[in-house]
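First the structure, in the form of structure tokens, and then the observations on it.
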Amino acid sequence: MTEQERLTTLTRILSDLLGDESIELAMDTVREDIPEWDSFNYINFIVAVEAEFGIKFRIVDVESFPNVGAIVKAIGAARGR
Amino acid sequence: MLFNSYTFIFGFLPVALAGFYALGARRREWALLWLTAVSLVFYAWWRPVNVLLIAPSILVNYGLARALEQTSEARPALARAILVAGIIFNLCFLGYFKYLNFIEGALNDTFGAGFVLTQLILPLGISFITFQKIAFLVDVHGGRVSRFSLADYGLFVLFFPQLIAGPIVHYREMMPQFRAAPGRFDAENVAVGLSLFFFGLAKKLVLADPLGPLVAPLYGQAAAGVPQSMTEAWIAALGFTLQIYFDFSGYSDMALGLGRFFGIKLPVNFNSPLKATSIIDFWLRWHVSLTRFLTAYIYNPLTLNLTRRRMAKGKPIFGGRSPNIGAFVNLLAMPTMLTMLVSGIWHGAGYTYILWGALHGVLLCINHAWRLARPRIWPDTKAYRRKMVPVGFVLTFVSVVAAMVLFRAPSPSAALLLWKGMVGAYGVRLPQAVFSRLGVVAGWLTSIGVQPAWTSGSLLLATTLRIVSLLAIALLLPNTLQMLAAFEPAIGVKPAKTPPRLLHGLTWMPDRVWAVGLACVALAGILSLGELSEFLYWQF
Numbered sequence: 005m006t007e008q009e010r011l012t013t014l015t016r017i018l019s020d021l022l023g024d025e026s027i028e029l030a031m032d033t034v035r036e037d038i039p040e041w042d043s044f045n046y047i048n049f050i051v052a053v054e055a056e057f058g059i060k061f062r063i064v065d066v067e068s069f070p071n072v073g074a075i076v077k078a079i080g081a082a083r084g085r
Numbered sequence: 020m021l022f023n024s025y026t027f028i029f030g031f032l033p034v035a036l037a038g039f040y041a042l043g044a045r046r047r048e049w050a051l052l053w054l055t056a057v058s059l060v061f062y063a064w065w066r067p068v069n070v071l072l073i074a075p076s077i078l079v080n081y082g083l084a085r086a087l088e089q090t091s092e093a094r095p096a097l098a099r100a101i102l103v104a105g106i107i108f109n110l111c112f113l114g115y116f117k118y119l120n121f122i123e124g125a126l127n128d129t130f131g132a133g134f135v136l137t138q139l140i141l142p143l144g145i146s147f148i149t150f151q152k153i154a155f156l157v158d159v160h161g162g163r164v165s166r167f168s169l170a171d172y173g174l175f176v177l178f179f180p181q182l183i184a185g186p187i188v189h190y191r192e193m194m195p196q197f198r199a200a201p202g203r204f205d206a207e208n209v210a211v212g213l214s215l216f217f218f219g220l221a222k223k224l225v226l227a228d229p230l231g232p233l234v235a236p237l238y239g240q241a242a243a244g245v246p247q248s249m250t251e252a253w254i255a256a257l258g259f260t261l262q263i264y265f266d267f268s269g270y271s272d273m274a275l276g277l278g279r280f281f282g283i284k285l286p287v288n289f290n291s292p293l294k295a296t297s298i299i300d301f302w303l304r305w306h307v308s309l310t311r312f313l314t315a316y317i318y319n320p321l322t323l324n325l326t327r328r329r330m331a332k333g334k335p336i337f338g339g340r341s342p343n344i345g346a347f348v349n350l351l352a353m354p355t356m357l358t359m360l361v362s363g364i365w366h367g368a369g370y371t372y373i374l375w376g377a378l379h380g381v382l383l384c385i386n387h388a389w390r391l392a393r394p395r396i397w398p399d400t401k402a403y404r405r406k407m408v409p410v411g412f413v414l415t416f417v418s419v420v421a422a423m424v425l426f427r428a429p430s431p432s433a434a435l436l437l438w439k440g441m442v443g444a445y446g447v448r449l450p451q452a453v454f455s456r457l458g459v460v461a462g463w464l465t466s467i468g469v470q471p472a473w474t475s476g477s478l479l480l481a482t483t484l485r486i487v488s489l490l491a492i493a494l495l496l497p498n499t500l501q502m503l504a505a506f507e508p509a510i511g512v513k514p515a516k517t518p519p520r521l522l523h524g525l526t527w528m529p530d531r532v533w534a535v536g537l538a539c540v541a542l543a544g545i546l547s548l549g550e551l552s553e554f555l556y557w558q559f
């Protein structure tokens, strides 16, 4: 799965979660760019991503992902393990 | 030593800076050691014995962190045990000084336990320092911090601009800055630092402090059981909200400015919280460094674990547009209430703080519930925001102001009395002087329960004018961070893509107009120095 495909999957998960079809994620998207993507929705998003890809992030990583790109990369790293 | 004292501004600070620049020109390590040393002096100034309390705690924490660093890869179970021990040690340290009396008092009240209460002296800033130490241990355990020496750790804990009342900082955002600090005089850093410092000083001394004596008698009367009319109750509520906002955000500006003198940027603490349009929004603007801490170290780990567990059991979690009551209670309401209760208890050992935390927890839950389950009658998000943002602002403002009564009131019953006053349970009182000039209207006002009172009409007028003008500043003007945005006054602050309307003429720049303006602000602040006025947050 390429990074672009992962990004598309993340976009779908977040759109479903927030009920907003207009969301477009890019590698450099940060949480502040998306209205209503607060800390609570963030955790839901993370768990949904974990379930989708069958992985588990470390809590310290969850806390410090600087942008969407970092999540995409972390998924790659976790699946590569 | 207070930031707002002659000793600090004209004695301590110039000496600290001169030494830092002089040593920095030779070796940066010396400059950093100097900074640690003056920070200890700053801390000891208040009560030298405090150093005897904080120093051992620093050493123990450093030892634990070293042990964690060595075991976290090789022996995870042992590392976990060390982490838990470290957290318990710090919480006990805080608990002994801050909560022992409260717990014993509560046991006495409830069971007649007969504990003898001893007056313990609270080491200055212990709540802030404790949180930062716990965060450091968690970060070392999680591998977010590597490579640290006792000198690094000491400076991180003691760095005097943020030592007593925050902003609460993370090691990983401070240490790279200390390592890269030029240790030399830098015109931009000093100009930005001076501006932030004097803005803060004026906010604290000119705007916040005069409100103190204005609201104190009202809370005093409420505590003595004297009902307050709507007029007094709202003055008490609005007056204290404005006092604590200008006090604490003024303190935070001063801290940012002080850090900047040394080339260090501290994190954002306030971003015009009274302009918030929802309670969630309020907590992203008020005491941001505390919200960030609680989210990172309590709320997120808790919710993540709960959500994973729930998912593993096959129960519904959040997602899509079908909010589920069980998921809401377990994954949102419970962690939110717990986090806000911790926040309340952290602020002080007292029922009012606990209730204040609980109240904000409930408000946050209501806000989340609305977001999840609000009727979808608006065609799109834009239309929804246009209609509902003003409503959200009013609801948030009133909730925040009402909750602040609990924060200031000496007891829950005093707060209750003031709340009843705010909704008009004890009528409205206007000054006799105003009443006698109203003619026929006075008779009509009396019939709806307005009473002539307040011997001084001019006092009410002056109070009202003060509160209205401060509200205008807090709600309409851009904040310090927005004015200085081009110079990154706090970590990560950048100029907004769409700057607020009023910012146009108020964008900070190093020119003559600003020099004169800031000199006036500084003068106003310095002329108000002298009276002993502590920061409200130094008690926590």
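These protein sequences, in sequence, are chains A and B.
Start counting the first sequence at 5; every next residue gets the next number (the numbering used here).
Start counting the second sequence at 20; every next residue gets the next number (the numbering used here).
In this text, a Cβ means the ideal position worked out from N, Cα and C, and glycines have one as well.
Quick caveat, the model's predicted, so the values are computed rather than measured.
- Here the stretch 353–371 of chain B lies against the stretch 379–393 of chain B, with 3 or more beta-carbon pairs under 8 Å apart.
- Contact note: residue 511 of chain B does not reach chain A at a C-beta cutoff of 8 Å; the least C-beta distance is about 10 Å.
- Taking each of A/82, A/60, A/75 and A/63 in turn and checking the Cα distance to residue 29 of chain A, the smallest one comes out for A/75.
- The stretch 256–264 of chain B makes contact with the stretch 480–500 of chain B; the number of CB pairs closer than 8 Å reaches 3 or more.
- Under the three-state reduction of DSSP output, residue 398 of chain B falls in the coil class, being neither helix nor strand.
- Contact between the stretch 102–118 of chain B and the stretch 170–184 of chain B is absent: fewer than 3 CB-CB pairs across the two stretches fall below 8 Å.
- Close partners of residue 24 of chain A in chain B (Cβ separation under 8 Å): 400.
- The three-state reading of DSSP puts residue 503 of chain B in coil, since its state is none of H, G, I, E or B.
- Taken in chain order, the complete alpha helix (DSSP H) segments of 4 residues or longer contained in the stretch 185–250 of chain B are 190–199, 206–221 and 230–242.
- From the beta-carbon of residue 55 of chain A, the residues of chain B found nearer than 7 Å are 330.
- Under a criterion of Cβ atoms nearer than 8 Å, the residues of chain B adjacent to residue 63 of chain A are, in order, 161, 319, 320 and 323.
- Using a 10 angstroms sphere on the CB of residue 282 of chain B, the tally of other CB atoms reaches 16 or more, which defines it as buried.
- Using a CB distance below 7 Å, the part of the stretch 342–357 of chain B facing chain A consists of 351, ordered along the chain.
- When Cβ pairs closer than 8 Å are counted between the two stretches, the stretch 265–282 of chain B is seen not to touch the stretch 27–45 of chain A, the count staying below three.
- Rounded to the nearest angstrom, the Cβ distance from residue 437 of chain B to residue 255 of chain B is 6 Å, consistent with a contact under 8 Å.
- The beta carbon of residue 79 of chain A sits no closer than 7 Å to any beta carbon of chain B.
- Here the stretch 520–535 of chain B makes contact with the stretch 494–504 of chain B; the two share three or more CB pairs at distances below 8 Å.
- Here residue 447 of chain B carries a strand assignment [DSSP, helix/strand/coil].
- DSSP places residue 67 of chain B outside any alpha helix (DSSP H), giving it a letter other than H or E.
- By the criterion of a C-beta distance shorter than 8 Å, residue 349 of chain B is surrounded in its chain by 325 and 329, once the five residues flanking it on both sides are discounted.
- Annotation: the continuous alpha helix (DSSP H) that includes residue 387 of chain B extends over 370–392.
- Nearest neighbour of residue 545 of chain B by Cα position, chosen from B/289, B/272, B/225 and B/458, turns out to be B/225.
- With respect to residue 440 of chain B, residue 240 of chain B sits apart: the two C-beta atoms are not nearer than 7 Å.
- In this model, residue 191 of chain B and residue 148 of chain B are separated by some 16 Å (Cα to Cα).
- The C-beta of residue 517 of chain B comes no closer than 7 Å to any C-beta of chain A.
- Pairing residue 288 of chain B with residue 186 of chain B gives a Cβ-Cβ distance under 7 Å.
- Comparing alpha carbon positions, the residue from B/48, B/159, B/321 and B/334 closest to residue 95 of chain B is B/159.
- The three-state reading of DSSP puts residue 296 of chain B in coil, since its state is none of H, G, I, E or B.
- Here residue 335 of chain B has 343 and 346 as same chain residues with Cβ atoms under 6 Å from its own Cβ, once five neighbours each way along the sequence are excluded.
- With fewer than 16 other Cβ atoms from the protein chains shown falling within 10 Å of its own Cβ, residue 539 of chain B counts as exposed.
- In chain order, 145, 146 and 149 place their CB closer than 8 Å to the CB of residue 113 of chain B, counting only its own chain and leaving out the 5 sequence neighbours on each side.
- Scanning its chain for C-beta atoms nearer than 6 Å, with the 5 sequence neighbours on each side dropped, one finds around residue 512 of chain B the residues 500 and 504, in chain order.
- Using beta-carbon distances, residue 37 of chain A does not count as an interface residue toward chain B, since no partner is under 7 Å.
- Here the alpha carbon of residue 171 of chain B sits roughly 49 Å from the alpha carbon of residue 252 of chain B.
- Those residues of the stretch 303–316 of chain B placed with their C-beta closer than 7 Å to a C-beta in chain A are 314 and 315, ordered along the chain.
- Taking a Cβ-Cβ cut-off of 7 Å, the neighbours of residue 299 of chain B in chain A comprise 42, given in sequence order.
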